[in-house]
Structure formats: C-alpha cells, structure tokens
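**Student:** Sending over a structure as structure tokens; questions will come in a sec.
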C-alpha cells in the first residue's frame, strides 16, 4: 500500500511538471490551430535564462524564474511578428516544417552561445532538500512543482473562462472573421495568447529542469513527448491536458516501476489506445 | 565534355580539401556536431594536443588530419564518410569513431582499402573480431566495469541491484559486473534495464529501495540522463539510507561533474582515465588539451583515447615509413607499450585492444571548491575480459 | 471498383500529354543518376545513401501527397525492410534481388500493421501522433530483440553475394550505386503507373474529400490500406538497399529522426509529385554534405534557416517553385495541398 501511494506521488509530481511545460503548447495548438514544434525550444530558452541568472549572476531563484519568463517572451515577440504570424491557418505540414526550422536555429544558436554542456538551475535551500512526508522522503522541489501546476491550471482556467480576454479569445477561435468584424483586434488577441503560451513554456522549462535537464538538444529530445501529451489530452483543453499528464505520468511511472524493462512499450501502447479511442484527445473539442 | 570536366572539378573542389603528394593523411570520424559534439571536440583536442607536443611530422612525413562529422550513430553515413576518406581523400589511416555501429560499418572496408582503423572510443568488445586491421586505444565497458565487482565485495557489500540503460553498452556493463561480482562471492538480487529515454528515475529508485540491496550498480550514457539519475538517487533518500553507488566512469565524466554538483560527492566509479590523474605526462596532456578545447571543464575521457590513438598512428607511420601497408602497420604496434597520460598502457598483440590500468575513483571536492574524480585504488594491466578466450 | 470512373473528375487527368512527359522525366532521372556516377566516382556510398533516402521519401509521398495521410513514422517501414533483409542475409540468403524482395514484403507487412492502426484516426494530428507512437514501438522492439537485430550495437556481418554472381559490393560502391539506381528507376516507373491508375485517382479523390468518395460507393479504408502496403514495400526496398550497401543495420533506421528527416526532404521538394521526393532528397543531402564538411558546428542553424526560408518563399516546395516559374506542371496536386 505504502509503495502504491509512493508511486502515486511520483506520478503526480512528474505529471504536473509535464503539464506546466505542455499547457502552453496545448493552448497554441487548440486555440490558435498552430502545431508549434518549437515550443520545447522556448521552454529551453527559459531554462537557459534562469540558469544564467541564478547560477552565473547568483540571483534569487524566484527572480530568476520571472526573468526567464519575461526574457523568453521578449525573444518570442519578434519571432511571432515575423515568422509565426505567417503560418497561422497554414496547412499542418507547413507549420511543422517552419517550427522545426525555428527549433533547429534556436538549438544551433544556443549551442554556439552557451556550449554543449548541461546547465543547472541551482534551487534555493528550501527546495533543494528532501522532505519527509510521513511514509517516505520526497524532494521539496517536487512539491513545489505540484503547487505550480495547480496554480497554473486554476489561473488559466479562470483567465479563459472568466475574463473578458477569455471571451475574446474563444470568440476568435470559433470564428475569427466574425470576431474581428465585431471590433475585436484578433491579431492582438493571438499575439497575447502566443506570449502567454511561450511564457508558460518558459516557466515549465525552469521548474521542470530537475526532470528534463537543460542542454541545447532539449528542444529536440522532448519534442515528441510534448506533442504526444498534448494530443492525448485534446489540444486546447486545460482539464484534458491535466488529465493526459496525470494519466500518462501514471502509466509511465507505474510501468517503469513494475516492469522497467518494457517501460516504453507501456507508454506508447497507452498513447495508441487513447488516440484510437479518442481521436480528438481525451477532452478535445469536436 | 569540357563542361563535364569543369563541373566535376568545381564539385570536386567543393567536396574535398586540397591534396599534396608527400603527406600522410589520417581521416578522423567523430561527432563534431549534434548532441554528442562535446565528445567530438574531445577527439579533436586529443589529436591537436598530441600533434602540438610531438610535431606535425612522423619520421619526416607530414601528417595531415581530415575530420569528418558524424553527429549520431548512423552506419550508412559512417560507411559513406569512410569511403570518401579512403577513395577520394586517399587517407592511409582511419581513426576516431564514437559509436559501435559506425565502427562496424567501416570494418568491412578496411582490407580492400589497405587502411588500419584506430578506434578512439567505440567500446563494444566484438568490433575487434570483425577485422584484423582494427586497433583500439579507448576501453571496453567490460574492461572498466569488471574491477568494481571485487571493490564491492572488499567493501563488505553482499547484495547489489543493477540498473542499466537498455542498450548495448548498458547490457555489457550489467553482464560484466554480474560476472565479476558473483565470482567474488556477491549476489546480484535484481537487474533492471531502463529505457534510454527515461527522464524520471524515482520509480527506479523505489525499486532499488524495495530490493533490499546494499548498493546499486548503474550504467547510463553520459549526459542529461545521468543528471536526472543522480538527482533521483539523492532526492529519494537512498544516499542517506547508506545505499552505495557503483558505476563505470562514464557516469561521472569530468564534463558532467559541474552539473552534477555536490550531489555527486562520494559516488564510486571505475574507469581508465581521470583528468585529475597525477603524473607528469598527464599534466602536460591536460595543459595541451585544455588549450585545444578552449575550457578545462569540457575535457573528458575521449580526449585521451584520441591522444593515444594518434600515438599509435604515428608509430604505424614510422614503421611503414609513410608507405601504405595496413598489415605491416598493425603488426608493428602489436605489443607496443608506452606511458600514456592515463598511466602505463600497451596494445595486446592478440586482441589489438589496449591493456591498461583501471582506477577506482571517488567524487571528491578539490581545494578550489570544484568536484573531481579522485583516484583511490589502481587495478594494473587490465585486459578486455569481453575478448577473453571464448571471444564475444 | 466500378466507381473509379466516376471519381476521375475530382483530379482531372490529362492522359494524352502525360505519357511522353513521364518518359522524359524517367530519362532525366536516369541521366542525372548516371551523371552522378561519372561526376562523383569517389562519393558513391553517399549517393547510394541518397537513393535509399529518396525511396523513403517517395514512400511518404504516396501517403502524404496522394492520400493526405500525415506521417512522422515512416522509418518503421524502412527499418522493417532493412532488418528483414539484414537478418535474411546473416542467415544465408545473400542474393541481392531476393533480399530486396524480402525487404519489400517486410515493409508492406509493416505498412499493413501501421495502416490498420493509423487509419483509426481520420485526420492530421492524431495520425501524426499514432505514427510517432508506432515508430517508437518498432524502435523499442528492435532494441529489445537484440539477439536478432544486434540491438544498439547494430546488426553486423552482412555479406551480400555478388550481383548477378559477378559484381561485388565493394569498397568503391559502384555495384551498390548502380543497383540502387536501377531499383529507384524501376520503383519510380511502377509508381507512376500506380498513381495514374484508377486506384491512384481514387486515392487522390479520398484526399480531397473522403466523405464524398465514400458516398459515391467506394470503400475508403481498404483503398488507403492498399496504399499503405504499396508505400511500405517502397520504404522496405529502400531499407533493404541501405542494408545491402552498408552491410550493417543500425537502430537509426527505425527512428523518429529518420522519419522526420525524410518528411522534411519531401516537403522541401514538394508533395504530391513523385519528382518532389527525389529533388528534395538530392538537394537536402547535397546541402548537408557540403555544409557539414565546411563547418559541421553551424550546420543545424543553416538547415533551420533553409527550412524557414522555404516556408516563407516556396511553400509548395522546390517543384512548386519550378512550376510557378516555368509553367510546367509536374503532377496533379490537390487544391488544398
């Protein structure tokens, strides 16, 4: 029993880390119909900025996280303006090609600027130490990730469902022409949601760095994982993304515990099963 | 016709470098870009350090190096590069090669090419049996792992769980450790093979905890996965619980140590080379290689494989007096022994694989506050057990 | 299959002018191939690699360009062919044509499996994800079955017999290259017939509007499955060629990376015309070879820039660009492609 709870805790925290990284991608794919394979690259940029701020400049962790989000958004704005805006509404293959191209460029430049070695983001003392939660010890950092995940999910949900911006966004998604005829500046709405998605990606890249270490090939290494998680959840659905992350986290973690030798089989078999049963993802919009 | 010749010449210039008659050319294939670029840079640093220290001539013959980039394991590309080096660039020697399948794709060409292959890294025992024209100056996983079995027993450890990445070298490591440890009287209670792309190691650590073993033996490819693994080992309290950590030195390669940080302190690894190795030869080597690679924290084990590989190639050039004769060249270095930066080494005349000391190291903190691999025990003159009597 | 005639209006064939253009096209490919043989006699192993990749890209074009099925897992079929040929070769079947046949059969069987799974989903993204999951499972299986496949160390020790009992697969790679070129031409000609056939027309109709084709009485699923098997056999031939010419089969031949690379090459060349697959492969791999021998370190950045530029200025690929400027139509594309 204790083991089961222990595995569950691991699965939960790992799933939440995935969630924070992937939810931004889910937004761009679901709401903006953009298959952004460069999402991982933005998460990686966030990780690099945080690492530079916290490790090389010695700044406080929270400040480094903020800096990472702002910095990544700042980098993403011109990219959105000049590149991504051209492929909104383009066929998926075109989007895939363009965003793979952007990913390659970001990887190449990062490699050139920061070198090929692993970068770490030093955690503050409170997060770095294992905490005893009664039946086992767990890294305090994992609990932090859990909290972050809950905050992000709640915040996003209320933003989209409960604010004026959310109304405009949903309207733009359903019918861009009509929305813009009604006086909503859809390109601003798109730009803001893109920035939001990128910012979330950066946050995920930073707090998830303990699971997915920051290095130049990060963007390529985990591209498939992110894409799979979002598709399973149903692009654009926050509860769907939560569900997918927790479910796949659970399958992955339990599979690796029970039969580590066949861990990947479990994961991808689960993916195939879910996609076959729910082609639009668990909670995707029809 | 003229057009064709012209185009041919133009493309030829584009594809190849310059050619000159008197020089002996050496083609080096390694991952100079891509996720493993750091290891390729180490190849280059080792080669450059050797040539800076010993001159660009061997017995009066100019030595020219041609580097070819092979970012990831890809036998098809490997064969194409080797063919180009041999046929077009007319190299007399091939060197480098980071991955096993890439080496296996080159071996069938060697006889016809009349060129020896000096492997700087690829660490699977079986490569040596594929062609008599292969010499290896790196290590095999079995070679670096085997002493750990005795170490474990000497330290009073009776039960060990093994966790290795599920691919060739991981399986080699698991088998070698099991054999050595059980021969010394220990018991491997469980063997886990982890998929290569595992990112969260907590469930594995839970398995380790449940198994009741006193130590965990691990093998993972150097790089990002190692970081996650060592973190999980610390975070899940295994370290505090006193479960020892044993691994071949790939896990604590010097270029990963800064990222691992204090979490790596106390890890026991066995390997053929530590950058911290205390000898005048190594001091000189580290100085030269650091200059070549551009930063002390990027230096790692492939550099020494390349450095010694160049030594072997220089000896071959001397033995054949710059003429192309692969068999004579290889025969000349069989039994060759010298003092490498890693310690005394020799080429086993039977297997053509390097015989060397394997060191037990512990990750410790130096006076400058940085962690390093501290050599604490030496196992002299280790051959490759993977190539022992029965072969592979 | 009586509905075939009715689907023709969907894709407007021009049978009269098409056949001589195809003959010129095939002659051109043969000429370029032979020119490569004379111009780069020292790089034949590289050129053989290009041919194997071109076969892979062709096989993707059959699905993406002619059926509208997006896939990022085609290497599963390529790898199936490569490993089948490799394992057969190690176990004593060394005649090259037999090996290619084995590769083709293995590829089409893998295509059958892949088709059955992927056709469960009806549109873009879920299909992409399924194809990724399948190629990952194939990769994992090949890694696990190391007794058969050599795992990550690679399947070594292939020694294919001489072609026609005369021409050895040797260091210089002449046999391998000409063998590959012959295979490519044969496959290309066969595929031209396939995409021109009523069956090919039906596929294109399905790409345009599966519901309408279904309403006209055609069964969509078996038609697409058949195309999956044809595509699989083409990929399998590519894999077998790679295995024979390299004499080693590595795990990279069943990887997501290989699939993605091939797709990129295809889109670069232009989808929906069989020529695009060839043009894209040759240009991309030529570019890769030249750039990476000049400066391997920045090669990735440059490829990234190339892709971005392509999307911005030539969204229909190189062949699309050519059509725009020359007015020459290389093949029929769907209006939405």
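Residue numbers (my numbering), protein chains in the order written: chain G, 14 to 299; chain V, 0 to 391; chain W, -10 to 326.
All C-beta atoms in this analysis are idealised placements derived from N, C-alpha and C, irrespective of residue type, glycine included.
Roughly how many angstroms lie between the CA atoms of residue 176/G and residue 169/G, to the nearest whole one?
**Tutor:** Position 163 of the first chain holds residue 176/G. Position 156 of the first chain holds residue 169/G. Distance between the alpha carbons of residue 176/G and residue 169/G is about 10 Å.
**Student:** Out of 279/W, 252/W, 191/W and 162/W, which one is the CA nearest neighbour of residue 112/V?
**Tutor:** Against the second chain, residue 112/V aligns to sequence position 113. Ranking 279/W, 252/W, 191/W and 162/W by CA distance to the CA of residue 112/V puts 162/W first.
**Student:** Give, in chain order, every residue of the region 19 to 37 of chain V whose Cβ lies closer than 9 Å to some Cβ of chain G.
**Tutor:** 32, 33, 34, 35, 36 and 37
**Student:** Of all the CB atoms in chain V, is at least one closer than 9 Å to the CB of residue 228/G?
**Tutor:** Your numbering for residue 228/G matches position 215 in the first chain. Answer yes: the Cβ-Cβ gap between residue 228/G and chain V drops below 9 Å somewhere.
**Student:** For the beta strand (DSSP E) containing residue 208/W, name the first residue and the last one.
**Tutor:** Within the third chain, residue 208/W is the residue found at index 219, counting from 1. Per DSSP, residue 208/W belongs to no beta strand (DSSP E) and is neither H nor E.
**Student:** With distances taken from CA atoms, which of 27/V, 39/V, 118/V and 231/V is nearest residue 141/G?
**Tutor:** For the purposes of this step, residue 141/G is identified with residue 128 of the first chain, where counting begins at 1. Checking every option, the nearest Cα to that of residue 141/G belongs to 231/V.
**Student:** Could you spell out where the alpha helix (DSSP H) holding residue 142/V opens and where it closes?
**Tutor:** Start at 1 with the first residue of the second chain, and residue 142/V comes out as number 143. Unbroken alpha helix (DSSP H) run through residue 142/V: 140 to 144.
**Student:** Using the beta-carbon count (16 or more within 10 Å), is residue 12/V buried or exposed?
**Tutor:** Here the question's residue 12/V lines up with position 13 in the second chain. Because residue 12/V carries a pLDDT of 43, less than 50, the predicted location of this residue cannot be relied on, and the following value inherits that uncertainty. Classification of residue 12/V: exposed, given that the 10 Å Cβ count is below 16.
**Student:** Between the C-alpha atoms of residue 22/V and residue 56/V, what's the straight-line distance to the nearest angstrom?
**Tutor:** Position 23 of the second chain, counting from 1, holds the residue named residue 22/V. Position 57 of the second chain, counting from 1, holds the residue named residue 56/V. Near 9 Å, if we compare the C-alpha coordinates of residue 56/V and residue 22/V.
**Student:** Does DSSP put residue 94/V in a helix, a strand or coil?
**Tutor:** For the purposes of this step, residue 94/V is identified with residue 95 of the second chain, where counting begins at 1. If DSSP states are grouped into helix, strand and coil, residue 94/V belongs with the strands.
**Student:** Just checking, does the region 153 to 162 of chain G make contact with the region 219 to 237 of chain G on the three C-beta pairs under 8 Å criterion?
**Tutor:** yes
**Student:** Identify whether residue 371/V lies in helix, strand or coil by the three-state DSSP scheme.
**Tutor:** Sequence index remark: in the second chain, residue 371/V carries index 372 (1-based). If DSSP states are grouped into helix, strand and coil, residue 371/V belongs with the strands.
**Student:** Quick check on DSSP: helix, strand or coil for residue 20/V?
**Tutor:** Looking up residue 20/V in the second chain gives position 21. Bear in mind that the predicted position of residue 20/V carries a pLDDT of just 42, short of 50, making it unreliable; the figure below should be weighed with that in mind. In this structure, residue 20/V counts as coil in the three-state DSSP scheme.
**Student:** Just verifying my parser: in three-state terms, what is the DSSP assignment at residue 164/V?
**Tutor:** As a working mapping, residue 164/V is identified with position 165 in the second chain. Strand at residue 164/V.
**Student:** Can you list, in chain order, the stretches of the alpha helix (DSSP H) that have 4 or more residues and sit fully within the region 72 to 132 of chain V?
**Tutor:** 74 to 82, 99 to 105, 109 to 112 and 126 to 129
**Student:** Here's the rule I'm using: 16 or more other beta-carbon atoms within 10 Å means buried, otherwise exposed. How should residue 221/W be labelled?
**Tutor:** By 1-based counting over the third chain, the position of residue 221/W is 232. So residue 221/W counts as buried.
**Student:** Would you say residue 73/V lies against chain C (beta-carbon separation less than 9 Å)?
**Tutor:** In summary, chain C is missing from the structure at hand, where the protein chains are G, V and W.
**Student:** Would you mind stating whether residue 258/W and residue 227/W have Cβ atoms separated by less than 9 Å?
**Tutor:** Here residue 258/W refers to the residue found at position 269 of the third chain. Here residue 227/W refers to the residue found at position 238 of the third chain. No. Outside cutoff.
**Student:** Using the beta-carbon count (16 or more within 10 Å), is residue 20/V buried or exposed?
**Tutor:** Translated into the one-based positions of the second chain, residue 20/V becomes position 21. Caution is warranted here: a pLDDT of 42 is assigned to residue 20/V, below 50, making its placement in the model unreliable, and the coordinate value is therefore given only provisionally. Classification of residue 20/V: exposed, given that the 10 Å Cβ count is below 16.
**Student:** Between residue 165/W and residue 15/W, what straight-line distance do the alpha-carbon atoms span, to the nearest angstrom?
**Tutor:** By one-based count along the third chain, residue 165/W stands at place 176. By one-based count along the third chain, residue 15/W stands at place 26. Taking the straight line joining both Cα atoms gives about 20 Å.
**Student:** With a CB to CB cut of under 7 Å and the five nearest residues on each side skipped, what residues in its chain are close to residue 327/V?
**Tutor:** Here residue 327/V refers to the residue found at position 328 when the second chain is read from its first residue. So the list reads 318 and 319, once near-sequence residues are dropped.
**Student:** Counting C-beta neighbours from all protein chains within 10 Å, is the total for residue 170/V 16 or more, i.e. buried, or is it exposed?
**Tutor:** Working through the second chain from its first residue, we reach residue 170/V at position 171. Buried.
**Student:** Hey, residue 149/V and residue 186/V are a contact pair by Cβ (cut 8 Å); roughly how many whole angstroms apart?
**Tutor:** For the purposes of this step, residue 149/V is taken as residue 150 along the second chain, with counting starting at 1. For the purposes of this step, residue 186/V is taken as residue 187 along the second chain, with counting starting at 1. No, residue 149/V and residue 186/V are not in contact; Cβ-Cβ is about 15 Å, not under 8 Å.
**Student:** Which chain G residues sit within Cβ distance under 8 Å of residue 69/V?
**Tutor:** Here residue 69/V corresponds to residue number 70 of the second chain, with the count starting at 1. By Cβ distance, chain G contributes nothing, its closest Cβ being about 16 Å from residue 69/V, past 8 Å.
**Student:** Give the interface partners of residue 191/V over in chain G, defined as CB-CB distance under 8 Å, in chain order.
**Tutor:** Locating residue 191/V in the second chain gives position 192, counting from the first residue. Those within 8 Å of residue 191/V in chain G are 273 and 274.
**Student:** If we ignore side chains and look at the alpha-carbon of each, how far apart do residue 87/G and residue 113/G end up?
**Tutor:** Within the first chain, residue 87/G is the residue found at index 74, counting from 1. Within the first chain, residue 113/G is the residue found at index 100, counting from 1. Taking the straight line joining both Cα atoms gives about 20 Å.
**Student:** Counting only beta-carbon separations shorter than 9 Å, does residue 288/W have a partner in chain G?
**Tutor:** Counting from one through the third chain, the residue named residue 288/W turns up at place 299. So, interface residue.
**Student:** Cα separation between residue 309/W and residue 138/G?
**Tutor:** Working through the third chain from its first residue, we reach residue 309/W at position 320. Working through the first chain from its first residue, we reach residue 138/G at position 125. If I take the Cα positions, the gap works out to 58 Å.
**Student:** Just the Cα atoms here: how many angstroms apart are residue 370/V and residue 264/W?
**Tutor:** The residue given as residue 370/V occupies position 371 in the second chain. The residue given as residue 264/W occupies position 275 in the third chain. C-alpha separation (whole angstroms): 57 Å.
**Student:** Between which two residues does the beta strand (DSSP E) holding residue 243/V run?
**Tutor:** For the purposes of this step, residue 243/V is taken as the residue at position 244 of the second chain. Taken as a continuous stretch (DSSP letters only), the beta strand (DSSP E) holding residue 243/V covers 243 to 247.
**Student:** Taking the DSSP output, what are the residues bridged to residue 297/V?
**Tutor:** Here residue 297/V refers to the residue found at position 298 of the second chain. DSSP lists no partner for residue 297/V.
**Student:** If we count Cβ pairs, one from each stretch, closer than 8 Å, do we get three or more for the region 174 to 182 of chain W versus the region 238 to 253 of chain W?
**Tutor:** no
**Student:** Where does the unbroken alpha helix (DSSP H) through residue 93/W begin, and where does it stop?
**Tutor:** For this step, residue 93/W is matched to residue 104 along the third chain. Per DSSP, residue 93/W belongs to the alpha helix (DSSP H) from 85 to 107.
**Student:** Look at residue 245/V and residue 151/V and say whether their C-beta atoms are less than 9 Å apart.
**Tutor:** For the purposes of this step, residue 245/V is taken as the residue at position 246 of the second chain. For the purposes of this step, residue 151/V is taken as the residue at position 152 of the second chain. A contact, by the Cβ cut-off of 9 Å.
**Student:** Where residue 29/G and residue 21/G are concerned, what is the direct C-alpha to C-alpha distance, given to the nearest angstrom?
**Tutor:** By one-based count along the first chain, residue 29/G stands at place 16. By one-based count along the first chain, residue 21/G stands at place 8. If you take the alpha carbons of residue 29/G and residue 21/G, they lie about 12 Å apart.
**Student:** Quick one: does residue 235/W have its CB under 9 Å from some CB of chain V?
**Tutor:** For the purposes of this step, residue 235/W is identified with residue 246 of the third chain, where counting begins at 1. Output row for residue 235/W: interface = yes.
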